[in-house]
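Residue numbers (this note's numbering): 1291 to 1743.
Backbone N, C-alpha and C fix where the C-beta goes; we use that ideal spot for every residue, glycine too.
For reference, the structure discussed in these notes is given below.
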């Protein structure tokens, strides 16, 4: 029982409840809301406590460790972010390197497959073979004899002023100043084979389109066939209707045998060329106006006979006539380009002395210059380049297309400028030659590497 002599203060000091005080009628109420709201309230209280601690000058010993902890946390987060970025960058580089390796492997595999298919095709054309079963064989199929093929050996190869397909004329005789040298094979006995050819002014040239892309397409199409019986049809993957070269109507399609496209069932080209000179002892024939790329294999030369082969009343379709009525573009040389060409052909100027570029087979600088101008006067852009870079018209001095031409021993950079002309005045664009550089060769590419220690 409570001691009446003990005061309430003494009871509170001892930790008990004052028995003389009436019990409180208030009841403890729980914090309303959910656990998340109570957690936010707790954090708000903590923030308030931190703010009070910061605002109080006497709590500086508590602020310093807190700031140090925050700095350490930020530094750790920054290190982790940089580590993740470095890991992502290394992973991207590894993926890019793996993609390049895969592309290289696919390219090597494609080249090997095409080479094997070409060898197999040459072997199959050398002799006829029997495919399928006999008359009384399985399935009652009759024996089918493969069509015999022919093997042609080039009599030589051309060293042409056109180093790439891009820029090579689509027809012979369009650029009469262009030159190509036929180096005959030694097994041909050129001294005897070329005797009397110099008495003619022109000759027919038969050659192979050795850089045709449809040859690879045909090989891939044949390789995908899973035919085990019967004969595989020829010319798989070759389109028999094509867009004619130099045709102004981009939507026109004609048969492959009705135009001069190089993508033919048999990639054989035929062009008429002017005979410049014949060196039978050296086995060389210099021809002008020939539309062949450098390295083209030559199959045959046949003299041109105007009495029998010139037909003045021959007719051609309207689109052929329109393609040759296209006006030629005017070619201009910048002073820098003219000086660069002169320096390259004469061995440099001043301290930049170097070996002059060979002119052969051209006889003079003016002849080489006319050949470059005659080539660029044509619109040598591909159909895709014409579609992507149309002529905007007007008379702006900024080119709407910049391209290059690998010609002879030169690398020529040019631009197409729009011109305001009427229909009878000529082409609506002009060519400006901006830069002329020497064509890099294997010797020039290896020279800087050899000079390094």
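Where does residue 1668 sit, in a helix, a strand or coil, going by DSSP?
coil
Using 8 Å as the threshold, is the region 1455-1469 in touch with the region 1581-1600, meaning 3 or more CB pairs across them?
yes
Quick one: Cα of residue 1657 to Cα of residue 1724, how far?
As the crow flies, the alpha-carbon of residue 1657 is around 19 Å from that of residue 1724.
Using the Cα positions of residue 1483 and residue 1562, report the straight-line distance between them to the nearest angstrom.
A direct Cα-Cα distance of roughly 19 Å separates residue 1483 from residue 1562.
Distance CB(residue 1707)-CB(residue 1717) smaller than 8 Å
no
In the DSSP assignment, find the unbroken alpha helix (DSSP H) run with residue 1652 in it and report its ends.
No alpha helix (DSSP H) holds residue 1652; DSSP gives it neither H nor E.
Buried or exposed by the 16-neighbour rule on C-beta atoms within 10 Å, applied to residue 1503
exposed
Residue 1568 versus residue 1586 - alpha carbon distance:
19 Å
Among residues of its own chain, excluding the 5 on either side of residue 1544, which ones have a beta-carbon nearer than 6 Å to its beta-carbon?
1534
Short of 8 Å in beta carbon distance, which residues of its chain neighbour residue 1682, apart from the five on each side in sequence? Order them along the chain.
1690, 1708
Which residues does DSSP pair with residue 1474 in a beta bridge?
1446
Buried or exposed by the 16-neighbour rule on C-beta atoms within 10 Å, applied to residue 1601:
exposed
Limits of the unbroken alpha helix (DSSP H) element including residue 1678:
1673-1678
If distances are taken between C-alpha atoms only, which option among 1497, 1405, 1402, 1406 comes closest to residue 1449?
1497
Could you give the distance in angstroms between the alpha-carbon of residue 1539 and the alpha-carbon of residue 1559?
Rounded to the nearest angstrom, the two C-alpha atoms are 24 Å apart.
In three-state terms, what does DSSP make of residue 1464?
coil
Counting pairs of beta carbons, one from the region 1664-1684 and one from the region 1473-1483, are three or more of them closer than 8 Å?
no
What runs of the beta strand (DSSP E), each 3 residues or longer, lie entirely inside the region 1564-1591?
1574-1578
Please state if the CB of residue 1570 and the CB of residue 1241 are separated by a distance shorter than 8 Å.
In this structure the chain extends from 1291 to 1743, so residue 1241 is not present and cannot be described.
Determine the DSSP secondary structure at residue 1697, reduced to helix, strand or coil.
Here residue 1697 sits in strand by DSSP.
When burial is assigned at 16 or more other CB atoms within 10 Å of the CB, is residue 1565 buried or exposed?
buried
Between the C-alpha atoms of residue 1599 and residue 1398, what's the straight-line distance to the nearest angstrom?
47 Å
Do residue 1461 and residue 1536 come within 8 Å of each other at the CB atom, strictly closer than that value?
Closer than 8 Å, so yes.
What residue range is occupied by the uninterrupted alpha helix (DSSP H) comprising residue 1635?
1625-1636
Three-state class that DSSP yields for residue 1724 in the structure shown:
strand
Where residue 1619 falls, given that 16 or more other Cβ within 10 Å makes a residue buried:
buried
For residue 1402, three-class secondary structure by DSSP:
helix
Please return the same chain residues whose Cβ sits closer than 7 Å to the Cβ of residue 1552, not counting the five positions on each side in sequence.
1499, 1502, 1559
Where residue 1526 and residue 1648 are concerned, what is the direct C-alpha to C-alpha distance, given to the nearest angstrom?
Straight through space, the alpha carbons of residue 1648 and residue 1526 are spaced by roughly 44 Å.
Cutoff 7 Å; reference residue 1480; Cβ partners in own chain excluding five residues on either side:
1474, 1570, 1573
Given this structure, state the Cα-to-Cα distance separating residue 1387 from residue 1730, to the nearest angstrom.
28 Å
C-alpha gap between residue 1459 and residue 1665, whole angstroms
7 Å
Nearest to residue 1404 (by Cα), restricted to the options 1541, 1514, 1356
The shortest C-alpha separation from residue 1404 is found at 1514.
Can you say whether residue 1360 is buried or exposed, counting buried as having 16 or more other CB atoms within 10 angstroms of its CB?
exposed
What first and last residue would you give for the beta strand (DSSP E) that runs through residue 1546?
That residue, residue 1546, is in no beta strand (DSSP E); it is neither H nor E in DSSP.
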